[in-house]
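These notes are about the structure you will find just below.
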Amino acid sequence: MAEFDLVMYEEEFRRIDEELQKLYQQANAKVLFLVDKNGQLIASAGDTHNIDTTALASLTAGNIAATGGIARLLGEREFTILFHEGEKDNIQISLIGQRVILVVIFDQRSSLGLVRLRVKKASESLTRIFDEIASKAEKEKAEGRLDESPFAEISDEDIDNLFR
Amino acid sequence: MSFINYSSREINCKIVYYGPGLCGKTTNLQYIYRRTNPEQKGKLISLATETERTLFFDFLPLALGDIKGFRVRFHLYTVPGQVFYAASRKLILKGVDGVVFVADSQIERMEANMESFEDLKINLAEQGYELEKLPFTIQHNKRDLPNVAPVEQMNAILNPNGIQSFEAVAMTGQGVFETLKSVAKQVLFELKKHY
Ligand SMILES: Nc1nc2c(ncn2[C@@H]2O[C@H](COP(=O)(O)OP(=O)(O)O)[C@@H](O)[C@H]2O)c(=O)[nH]1
Ligand SMILES: [Mg+2]
Chain A
1 MAEFDLVMYE
11 EEFRRIDEEL
21 QKLYQQANAK
31 VLFLVDKNGQ
41 LIASAGDTHN
51 IDTTALASLT
61 AGNIAATGGI
71 ARLLGEREFT
81 ILFHEGEKDN
91 IQISLIGQRV
101 ILVVIFDQRS
111 SLGLVRLRVK
121 KASESLTRIF
131 DEIASKAEKE
141 KAEGRLDESP
151 FAEISDEDID
161 NLFR
Chain B
1 MSFINYSSRE
11 INCKIVYYGP
21 GLCGKTTNLQ
31 YIYRRTNPEQ
41 KGKLISLATE
51 TERTLFFDFL
61 PLALGDIKGF
71 RVRFHLYTVP
81 GQVFYAASRK
91 LILKGVDGVV
101 FVADSQIERM
111 EANMESFEDL
121 KINLAEQGYE
131 LEKLPFTIQH
141 NKRDLPNVAP
151 VEQMNAILNP
161 NGIQSFEAVA
171 MTGQGVFETL
181 KSVAKQVLFE
191 LKKHY
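Protein chains in written order, with my numbering: chain A, 1 to 164; chain B, 1 to 195.
Structure follows, in structure tokens:
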């Protein structure tokens with residue numbers, strides 16, 4: 001495979017969640033999302049009830065991918081921040097450690113300056129956590145942690161059941 | 001690149017429908033969307049032009065059920081088929097776990113099929129994938145039309161390794177779930193190899 005699969009365990013998830021909650025408070029944000037570059041939602045903070053998070057994750061990743069494509073055409077490595085201004089809500093999308101996408105939705109109770117500042121701080125912590133996840137995955141792959149895998153026993157029948 | 005989350009007990013896998021323009025990729029997703037229970041699917045998102053041609057991608061998230069206590073989610077994407085959207089197609093292939101090649105069975109579309117198939121191989125290679133090593137299924141679509149090429153002939157061109165292929169009429173749904181199931185099965189067995 002070209003890239004490592006992203007494997008997330010309870011412990012890392014808790015640390016990521018803590019970072020997001022902290023950022024949520026400090027940036028006065030409405031909602032936060034963390035999305036992987038392939039469009040899968042990793043975690044969120046704030047009131048996500050009225051938001052289709054799956055669709056948002058996929059479209060955000062598409063947005064970042066398209067912007068990255070434009071960057072390369074212009075000889076930039078990547079644009080790390082996108083900002084969209086709406087009538088009520090604004091959205092800032094930033095790339096963290098080349099790996100994951102952080103989406104911050106905020107309104108007039110916050111400001112772009114504050115959001116940028118707090119996101120910068122949180123990025124550093126999140127980058128560290130994702131670096132650790134990646135090296136852990138690499139190590140486990142090398143050691144062939146096959147015996148304890150929940151998928152080692154997948155059968156034809158399991159898959160047939162999905163398509164009932 | 002599947003995403004396995006032990007915390008929420010979910011597995012996410014990305015499946016991309018590839019093929020020449022107008023071969024029926026979007027129609028596959030629309031049929032799957034119509035025939036899936038509301039609690040098993042998210043919105044079908046289509047980034048399309050005003051004339052309903054796919055501009056960037058279609059996206060359909062499916063959660064068909066559980067395996068070994070893990071919620072299995074498939075994220076289905078289609079690519080825009082027209083030649084000039086090459087850059088977008090590359091982006092959508094990023095992190096793909098399985099590919100469905102939808103071929104248009106009409107004789108006059110054979111050249112377009114071949115061109116798209118070569119394009120797929122090149123774009124995968126650019127990202128370090130080999131088609132031969134990736135979960136992959138071929139669907140021969142539009143079998144209802146009068147001017148179709150024999151399946152054997154299409155397989156000879158598009159399926160040199162003789163993998164299982166499916167005849168389909170995506171408009172009526174014939175072969176649509178069979179195709180999805182085939183690629184999904186390969187994707188899940190791939191997980192079994194690695195985890
Ligand atoms: N006759 C016939 N038409 C089909 C079939 N599948 C799709 N179409 C039609 O082909 C056209 C293009 O389909 P679409 O799904 O948009 O193609 P895409 O470019 O691959 O996404 C539409 O008018 C569909 O209704 C099929 O199995 N038989
Ligand atoms: Mg389409």
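C-beta: ideal position from N, C-alpha, C; glycine also. Note that the structure is a prediction, hence the values are computed from the model and not measured.
Beta-bridge pairing of residue i - partner residues as DSSP gives them
i, result
"Tyr-77(B)", "Val-16(B) and Phe-59(B)"
"Gly-65(B)", "Val-72(B)"
"Phe-117(B)", "Bridge partners of Phe-117(B): none, in fact."
"Val-103(A)", "Phe-33(A) and Ile-93(A)"
"Asp-144(B)", "Partner(s): none; Asp-144(B) has no beta bridge."
"Gly-98(B)", "Ile-15(B)"
"Ile-81(A)", "Ser-94(A)"
"Ile-138(B)", "Phe-101(B) and Ser-165(B)"
Residue i at chain B interface by Cβ criterion, 8 Å
i, result
"Asn-161(A)", "yes"
"Arg-79(A)", "The displayed chain sequence assigns Phe, not Arg, to residue 79(A). It does not; no Cβ of chain B falls within 8 Å."
"Glu-153(A)", "yes"
"Ala-2(A)", "Residue placement at Ala-2(A) is flagged as unreliable, the pLDDT there being 39, under the threshold of 50; a coordinate-derived value is accordingly withheld."
"Lys-37(A)", "yes"
"Gly-62(A)", "yes"
"Glu-10(A)", "yes"
"Asp-131(A)", "no"
Contact with chain A by residue i, beta-carbon distance below 8 Å
i, result
"Ile-32(B)", "no"
"Gly-69(B)", "yes"
"Phe-101(B)", "no"
"Leu-191(B)", "yes"
"Tyr-17(B)", "no"
"Ile-122(B)", "no"
"Ser-46(B)", "no"
"Lys-25(B)", "no"
"Ala-156(B)", "no"
"Val-72(B)", "yes"
"Phe-136(B)", "no"
"Lys-185(B)", "yes"
Distance cut-off 7 Å: residue i Cβ against heavy atoms of ligand 1
i, result
"Gly-21(B)", "yes"
"Thr-80(A)", "no"
"Ala-170(B)", "yes"
"Asn-113(B)", "no"
"Val-102(B)", "yes"
"Leu-147(B)", "One detail in the question is off: residue 147(B) reads as Asn in this sequence, not Leu. Asn-147(B) Cβ: outside cutoff for every heavy atom of ligand 1."
"Asn-37(B)", "no"
"Asn-141(B)", "yes"
"Ser-47(A)", "Going by the sequence as given, residue 47(A) is Asp instead of Ser. It does not: the Cβ of Asp-47(A) is nowhere closer than 7 Å to a heavy atom of ligand 1."
"Asp-144(B)", "yes"
"Gly-81(B)", "yes"
Distance cut-off 7 Å: residue i Cβ against heavy atoms of ligand 2
i, result
"Lys-25(B)", "yes"
"Thr-49(B)", "no"
"Thr-127(A)", "no"
"Thr-54(B)", "yes"
"Thr-78(B)", "yes"
"Asp-97(B)", "no"
"Asp-58(B)", "yes"
Counted within 10 angstroms of its Cβ, other Cβ atoms place residue i as buried (16 or more) or exposed
i, result
"Lys-30(A)", "buried"
"Val-115(A)", "buried"
"Ala-152(A)", "exposed"
"Gln-164(B)", "exposed"
"Lys-94(B)", "buried"
"Ala-125(B)", "exposed"
"His-84(A)", "exposed"
"Arg-73(B)", "buried"
"Phe-163(A)", "exposed"
"Ser-2(B)", "buried"
"Gln-108(A)", "exposed"
"Gly-75(A)", "exposed"
"Met-8(A)", "buried"
Touch test, the region 39 to 46 of chain B against the region 80 to 93 of chain B, Cβ-Cβ under 8 Å, three pairs minimum: Taking a cut-off of 8 Å for Cβ pairs, the region 39 to 46 of chain B and the region 80 to 93 of chain B do not touch, as fewer than three such pairs fall below it.
Please confirm if the region 130 to 146 of chain B is in contact with the region 154 to 172 of chain B, defined as three or more CB-CB distances below 8 Å between the two stretches. These segments touch.
With three or more C-beta pairs closer than 8 Å as the rule, is the region 100 to 109 of chain B touching the region 38 to 57 of chain A? In short, these stretches do not touch, since the Cβ pair count stays below three.
Quick check: the region 61 to 75 of chain A against the region 129 to 142 of chain A, are at least 3 beta-carbon pairs closer than 8 Å? No, because fewer than three Cβ pairs between the region 129 to 142 of chain A and the region 61 to 75 of chain A fall closer than 8 Å, the two stretches do not touch.
Please confirm if the region 2 to 13 of chain B is in contact with the region 9 to 23 of chain A, defined as three or more CB-CB distances below 8 Å between the two stretches. Using a C-beta cut-off of 8 Å, the region 2 to 13 of chain B makes contact with the region 9 to 23 of chain A, since at least three inter-stretch Cβ pairs fall below that distance.
Three or more C-beta pairs under 8 Å: does that hold for the region 109 to 124 of chain B against the region 59 to 66 of chain B? Touching, no, given that fewer than three Cβ pairs across the two stretches are closer than 8 Å.
Whether or not the region 176 to 191 of chain B and the region 149 to 162 of chain A are in contact is what I'm after, with contact meaning three or more pairs of Cβ atoms, one per stretch, closer than 8 Å; do they touch? In this structure the region 149 to 162 of chain A lies against the region 176 to 191 of chain B, because at least three pairs of beta carbons, one per stretch, are closer than 8 Å.
Taking one C-beta from the region 103 to 122 of chain A and one from the region 14 to 28 of chain B each time, how about it: are there three or more such pairs within less than 8 Å? No, the region 103 to 122 of chain A does not touch the region 14 to 28 of chain B.
Just by C-beta distance, which residues in the region 80 to 97 of chain B are closer than 7 Å to chain E? Considering every chain present, this structure includes no chain E. Its protein chains are A and B.
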